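The numbering of the sequence shown is my numbering, which starts it at 38 and goes up by one. Glycine residues also receive a C-beta, built at the ideal position from the N, C-alpha and C atoms. From a predicted model like this one, the values you see are computed outputs, not experimental measurements. One structure is given below, encoded as structure tokens.
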Amino acid sequence: MATSPFHVAIVGGGITGLALAISLHRRGVSFTIYEQAAAFGEIGAGVGMHANAVRAMKICDAGLLAGFERVATRNAWASKADVWFDVLDGTAAEPASEPEKLAPLFTLIGHEDGHAACHRARFLEEMVPLLPAGSAQFGKRLLSVDGDGTEVDGDGPLTLVFEDGTTAQADAVLGCDGIKSRTRAVLVAAHGKDNGKSNDDRAAIDEAKPTYSHKFVYRGLIPMADAVAVLGEERSANAMLWMGPDRHALTFPVNHGQTLNLVAFVTTPAPWPSHDAQQLVLPATRDDALRDFAGFGPNVLGLLGKAAPQMDRWGLFDLAEHPLPQFYRGRVCLVGDAAHASTPHHGAGAGMCIEDVAVLAELMGAVKSTGELPAAFAAFDASRRGRDQWLVASSRRAADLYEWRARGRDFEAIADEVRARQAFIWDIDLDEAMAKAKEDLARRLAL
Ligand code: FAD
Numbered sequence: 038m039a040t041s042p043f044h045v046a047i048v049g050g051g052i053t054g055l056a057l058a059i060s061l062h063r064r065g066v067s068f069t070i071y072e073q074a075a076a077f078g079e080i081g082a083g084v085g086m087h088a089n090a091v092r093a094m095k096i097c098d099a100g101l102l103a104g105f106e107r108v109a110t111r112n113a114w115a116s117k118a119d120v121w122f123d124v125l126d127g128t129a130a131e132p133a134s135e136p137e138k139l140a141p142l143f144t145l146i147g148h149e150d151g152h153a154a155c156h157r158a159r160f161l162e163e164m165v166p167l168l169p170a171g172s173a174q175f176g177k178r179l180l181s182v183d184g185d186g187t188e189v190d191g192d193g194p195l196t197l198v199f200e201d202g203t204t205a206q207a208d209a210v211l212g213c214d215g216i217k218s219r220t221r222a223v224l225v226a227a228h229g230k231d232n233g234k235s236n237d238d239r240a241a242i243d244e245a246k247p248t249y250s251h252k253f254v255y256r257g258l259i260p261m262a263d264a265v266a267v268l269g270e271e272r273s274a275n276a277m278l279w280m281g282p283d284r285h286a287l288t289f290p291v292n293h294g295q296t297l298n299l300v301a302f303v304t305t306p307a308p309w310p311s312h313d314a315q316q317l318v319l320p321a322t323r324d325d326a327l328r329d330f331a332g333f334g335p336n337v338l339g340l341l342g343k344a345a346p347q348m349d350r351w352g353l354f355d356l357a358e359h360p361l362p363q364f365y366r367g368r369v370c371l372v373g374d375a376a377h378a379s380t381p382h383h384g385a386g387a388g389m390c391i392e393d394v395a396v397l398a399e400l401m402g403a404v405k406s407t408g409e410l411p412a413a414f415a416a417f418d419a420s421r422r423g424r425d426q427w428l429v430a431s432s433r434r435a436a437d438l439y440e441w442r443a444r445g446r447d448f449e450a451i452a453d454e455v456r457a458r459q460a461f462i463w464d465i466d467l468d469e470a471m472a473k474a475k476e477d478l479a480r481r482l483a484l
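Structure representation (structure tokens):
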């Protein structure tokens, strides 16, 4: 039952938007989700969640955590329970005398938990029933807030303008609209005007744009029996990372071990072929992937050979070159990929989105009036921006480590650096971060 004296618009119903809606619902905050698609939907691929993300889900909502646990798959072997990834040389062949005995170069031990992953669509199916009836509207593609960037600073209700010609009003707008966020463009336009820039909408969108990291990825879901035929039992049932020059691949079980998730990364100097990055996903074939991984060993090539003949490739874009100076303005606030889209080399982008949600929901749950919302968003920004933007930069570095560009083939140095970076992600004390954010909010409200 919503008890808040304000109503918020959540733009976008991906992992961030839905987790935020569920978390606000539990805290009595009134909201409507506006999603551009005709229904909630996630891609057919896996997503890994680290211990920090699982802890954040617990703060968000007990039902969200329970839903994730119902669909989560962990390493199957007890001996691998705390392993995040065994890291192998993807270019190597098995020793001739001992098939399936290629030894890991090093092992990354997850803190508290090894590797929890799920099929994205299954997680979404767990989240949707946790929403109150009638809280989402579909076919609502946001174009602008109040028509241009300036009025986001006013005191009155905010007007959302949608592509279908309709409008809606809310006391605050939470932009959860992902990597190509339109809400981000609204904020950047308003910020640009402060700095004397013209109100040219196109220029504002350009400044808010993610850029190509010169990496793309082939993603595949491989039936477990096929995976076992290539990798053997141990390496199919547990998470593996296959390193190589300018390429690397991840494999981990999803769907309670029925399917192996394959994520195969390629670095290239070539530009992304879709004009103006209109399309982040382009069609490709298994043969393209096999050609790109020429020089890899029989494990990675064997798995790619088991992928479907028609594959997609995903351009990896991020906000590393355009970090936002602020995640909010007035009563408009960006959350999740809209604020800090990252490449996925720490496997932690969605986890950071869930951390965002936990902090923002707690702050908004503590707010007593519309006028207090900007203070909550300021406290959210102060709590989250440094960590979220660190991930964006560090993720690029992680790919350079795995692909032997940053430290060559010095595997000890690679292991040490990756471990330190992962520890920063895993070891956050969320209770402490939350307490500090709430103190910060109290201080701002007392001013
Ligand atoms: P999105 O999932 O992009 O959702 C945005 C929603 O907003 C969509 O429903 C969209 O339709 C809607 N929308 C967009 N524009 C508008 C508009 N104008 N009006 C209305 N609605 C709109 N993270 C991990 O933690 N672990 C992993 O293992 C992992 N693997 C990854 C692998 C790859 C290859 C990639 C690319 C990313 C990976 N990530 C991973 C990152 C993770 O996928 C993202 O961080 C996460 O999905 C972002 O969720 P979101 O809800 O913020 O954005």
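Check                                                                                                         : Outcome
Proximity test, P381 beta-carbon vs the ligand FAD heavy atom, cut-off 7 Å                                    : yes
Inter-residue CB distance, I59 and G100 (contact presumed, cutoff 8 Å)                                        : 7 Å
The ligand GTP heavy atom lying under 7 Å from the CB of I465                                                 : Absence of the ligand GTP from the depicted structure is noted, with the ligand FAD being the only ligands included.
Buried or exposed by the 16-neighbour rule on C-beta atoms within 10 Å, applied to T305                       : exposed
Proximity below 8 Å, CB of H62 to CB of L224                                                                  : no
Inter-residue Cα distance where the pair is G472 and L478                                                     : Going by the sequence as given, residue 472 is Ala instead of Gly. So the alpha carbons of these two residues sit roughly 10 Å apart.
Any non-hydrogen atom of the ligand FAD within 7 Å of V84 CB                                                  : yes
Entirely enclosed beta strand (DSSP E) segments - the stretch 94-174, minimum 3 residues                      : 120-126, 143-146, 153-156
Residue range of the alpha helix (DSSP H) that includes W427                                                  : 410-439
Whole-number beta carbon distance between V394 and L340, since they are thought to touch under 8 Å            : The pair is not a contact, with the Cβ atoms about 34 Å apart (cut-off 8 Å).
Length-filtered (4 minimum) alpha helix (DSSP H) runs lying within the stretch 263-334                        : 270-274, 323-329
Option in A56, G50, G51 with minimal Cα separation from V91                                                   : A56
Rounded separation between M389 and F333 - CA only                                                            : 32 Å
The ligand FAD heavy atom lying under 7 Å from the CB of K246                                                 : no
Distance cut-off 7 Å: V300 Cβ against heavy atoms of the ligand FAD                                           : yes
Same chain, Cβ closer than 6 Å to T288, neighbours up to 5 away in sequence not counted                       : M277, L297, L299
For T69, the residue or residues it bridges with in DSSP                                                      : A46
Minimum length 4: unbroken alpha helix (DSSP H) runs contained in the stretch 327-371                         : 335-343
S431 vs H383 beta-carbon contact at 8 Å                                                                       : yes
Assigned exposure category for L211 - 16 Cβ within 10 Å defines buried                                        : buried
C-alpha distance - N336 paired with T128, whole-angstrom precision                                            : 9 Å
Nearest to Y65 (by Cα), restricted to the options C97, A378, F122                                             : Tyr is not the amino acid found at residue 65; the sequence shown has Gly there. It is C97.
Any non-hydrogen atom of the ligand FAD within 7 Å of I462 CB                                                 : no
Buried or exposed (CB count within 10 angstroms, at least 16 for buried), I146                                : exposed
Assigned exposure category for R422 - 16 Cβ within 10 Å defines buried                                        : buried
Three-state secondary structure assigned by DSSP to F77                                                       : coil
Other residues of its chain near G367: CB distance less than 6 Å, five sequence neighbours each side excluded : V189, D190, P411
Of the residues F77, V182, D150, the one placed nearest A158, counting alpha carbons only                     : F77
Start and end residues, alpha helix (DSSP H) containing T53                                                   : 52-63
C-alpha gap between A474 and P310, whole angstroms                                                            : 42 Å
Beta strand (DSSP E) segment containing R256, residue limits                                                  : 248-260
The stretch 439-450 / the stretch 399-416 touching (three or more Cβ pairs under 8 Å)                         : no
Selected residue, minimal CA-CA separation from Q250, among R272, P381, H87                                   : Here residue 250 turns out to be Ser, not Gln, going by the sequence shown. Nearest option by C-alpha distance: P381.
heavy atom of the ligand FAD below 7 Å from V48 C-beta                                                        : yes
For T220, the three-state DSSP class (helix, strand or coil)                                                  : helix
Supposed contact pair A321 and M348 - C-beta distance, whole angstroms, cut 8 Å                               : 5 Å
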